[in-house]
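*Asks:* First residue of the sequence shown? That's 33 in this note's numbering, and the numbers climb one at a time after it. Built from N, CA and C at the ideal position, the CB exists for glycine as well. For reference, the structure I am asking about is given below.
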Amino acid sequence: MKKQKIKAILFDLDGTLIYSIPLHKKSFQLLFQEFGCSLKISEVSKYIRWSTEEIYQKLKVRERLDLDLEKFLQLRRKKYYSLISRKKLVFENRVKALKKLKKKYCLGLVTNSSRFSMERSTTARFRKLFNPTITFSDVLRGKPNPEMLLLACKKLRVKPSECILIGDSIVDVKAAKAAGIKVLAFYHKTGASSLSELRKTKPTKLIRNLRELDSFLKKIEN
């Protein structure tokens, strides 16, 4: 493998660094039950990788919802925040890995969650590990569009070729490829995408823990 200099590592949030995907799925299921729409968790899984705004547009037509976007967003947040109110979402073992990586690399956060949701789901101490933090609130189009990844590169003053993205969803892989960024698809049982889905997108590498990231970095830099 050709030697390459990596200056920055970008991370997805939901499912990658925090335990939130099952809770997001449940919040949507509860929301639609309120309107008489019975959706199985497996059905919700098809939509969960998108932003809430995009999910609304897709499901409004399918379920013929008589509900405007703002009301939908308010209700969805209420369901989600009630589920996370007593839970610790951040994977502590990943925080340890992040602190180690921060000694050598710039770390950025790129998430399809709104800034309010991101801040509600994390702690100030956790967020200080990243600069910048780019959310759906900061761009016109979320992943799989590469806009937020390219914005992160601009703020970090690095080229896309000098970055790596770590994410658990096929939209992460698609966004990284569109931006010209190497992408490590992070598979685990509570992630947003299945193993077969991630394999089909052909990421730079498929990993199951952040220790494999260390090995990958050593391999391409030495």
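Would you kindly work out how many angstroms separate the C-alpha atoms of residue 240 and residue 227, rounded to a whole number?
*Replies:* Using only the alpha carbons, I get a separation of about 10 Å.
*Asks:* Inspect the beta-carbon positions of residue 107 and residue 49 and report whether they are closer than 8 Å.
*Replies:* Contact: no.
*Asks:* By how many angstroms is the C-alpha of residue 37 removed from the C-alpha of residue 101?
*Replies:* Cα-Cα distance, rounded: 44 Å.
*Asks:* So residue 110 is in the alpha helix (DSSP H); what residue range does that whole segment cover?
*Replies:* First-last of the alpha helix (DSSP H) with residue 110: 101 to 116.
*Asks:* Which same chain residues end up closer than 7 Å to residue 218 when comparing Cβ atoms and leaving out the 5 residues on each side of it in sequence?
*Replies:* 48, 198, 199, 200, 239.
*Asks:* Assess, as a yes-or-no matter, whether the region 160 to 167 is touched by the region 135 to 151 under the definition of 3 or more beta carbon pairs within less than 8 Å.
*Replies:* The region 135 to 151 vs the region 160 to 167: in contact.
*Asks:* Would you be able to state if there are at least three C-beta pairs under 8 Å between the region 149 to 160 and the region 64 to 75?
*Replies:* Short answer: they don't touch.
*Asks:* Runs of 4 residues minimum, wholly inside the region 118 to 195: which ones carry the alpha helix (DSSP H) assignment?
*Replies:* Those alpha helix (DSSP H) runs which fall completely within the region 118 to 195 and span 4+ residues are 124 to 134, 147 to 153, 156 to 159, 179 to 188.
*Asks:* Thinking C-beta only, is residue 97 closer than 8 Å to residue 256?
*Replies:* Any question about residue 256 goes unanswered here, given that the chain covers just 33 to 254.
*Asks:* Below 7 Å CB to CB, which residues in the same chain sit around residue 45 once its five sequence neighbours on both sides are set aside?
*Replies:* Result list for residue 45: 141, 143, 145, 150, in chain order.
*Asks:* Less than 8 Å between the beta carbons of residue 1 and residue 87, yes or no?
*Replies:* Nothing in the structure corresponds to residue 1, since the chain is present only between 33 and 254.
*Asks:* Have a look at the DSSP bridge pairing and note the partners of residue 50.
*Replies:* Its beta-bridge partners are 46, 122.
*Asks:* In the DSSP assignment, find the beta strand (DSSP E) that holds residue 267 and state where it starts and stops.
*Replies:* The requested residue 267 is not part of the displayed model; the chain covers only 33 to 254.
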